Amino acid sequence: MPICFATHNQHKVAEISKLLGGEVEVISLDDLGVTRAIPETGATLEENALIKANFVYQNYHIPCFADDTGLEVAALHGAPGVYSARFAGEPADNEKNIDKLLGLLAGETNRQARFRTVVALVQKGGQHLFEGTVAGEITTARRGSRGFGYDPVFLPKNFDRTFAEMSMEEKNAISHRAQAVGKLIAFLKHNK
Ligand code: IMP
Numbered sequence: 062m063p064i065c066f067a068t069h070n071q072h073k074v075a076e077i078s079k080l081l082g083g084e085v086e087v088i089s090l091d092d093l094g095v096t097r098a099i100p101e102t103g104a105t106l107e108e109n110a111l112i113k114a115n116f117v118y119q120n121y122h123i124p125c126f127a128d129d130t131g132l133e134v135a136a137l138h139g140a141p142g143v144y145s146a147r148f149a150g151e152p153a154d155n156e157k158n159i160d161k162l163l164g165l166l167a168g169e170t171n172r173q174a175r176f177r178t179v180v181a182l183v184q185k186g187g188q189h190l191f192e193g194t195v196a197g198e199i200t201t202a203r204r205g206s207r208g209f210g211y212d213p214v215f216l217p218k219n220f221d222r223t224f225a226e227m228s229m230e231e232k233n234a235i236s237h238r239a240q241a242v243g244k245l246i247a248f249l250k251h252n253k
């Protein structure tokens, strides 16, 4: 039976299909005919991932997983966290989000932050959560042009380049999302 990845991002679907090595067929929300975004009304990454995975499981009766990611900044008491995408308001705008973050941290010496991804899997046997985190700090200015989102201002711990200065392979070797997805894949392969 195929498994759904509750996303409209075909890049993410292709990436995980490749990691699963064709052992499990992965379909997207588009394949199911879900054209609109599923409202992410949860107060935590866990809630949002479960909302999306449960939506598909309950409406389409197939196993489904979903991911949600947030940037948690220590000096901002964990913000923007679950609100990372719309930190600077609607519509979501990566550049405005970074400007707001750098502004709030101006003059701040504690620049510790982490990315956290939660993947929720909902299937006949119940619900499972998988987490991936990567610790680092927020730079004082943008560096690099690769990646997306907050990558230009995130310097992972023990590295001297931001995520936006790394190749996709380098970032995927350590990233929050790669870790969470890796745990999901190990689970799926083990429980086929
Ligand atoms: P989503 O849960 O993947 O939709 O991500 C939520 C927010 O976090 C969006 O603003 C993304 O741009 C940002 N984000 C997610 N993953 C990353 C990443 O790997 N690097 C930088 N920003 C990210």
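So for the sequence shown, the numbering used here puts the first residue at 62; every next one is plus one. For glycine and all other residues, C-beta sits at the position ideal for the given N, C-alpha and C. Please read all numbers here as calculations on a predicted model, not as lab measurements.
- For His-69, no alpha helix (DSSP H) run applies, since DSSP gives it neither H nor E.
- Relative to the ligand IMP, the nearest heavy atom lies less than 7 Å away from the CB of Asp-128.
- When DSSP reads this structure, Val-117 sits in no beta bridge, so it has no partner.
- Counting only the Cα atoms, Leu-81 lies some 29 Å from Ser-206.
- The beta carbons of Gly-197 and Pro-217 sit closer together than 8 Å.
- DSSP, read as helix, strand or coil, puts His-189 in strand.
- CA-to-CA, the gap between Met-62 and Val-183 works out to about 14 Å.
- For Gly-187, the shortest separation between its Cβ and any heavy atom of the ligand IMP does not lie below 7 Å.
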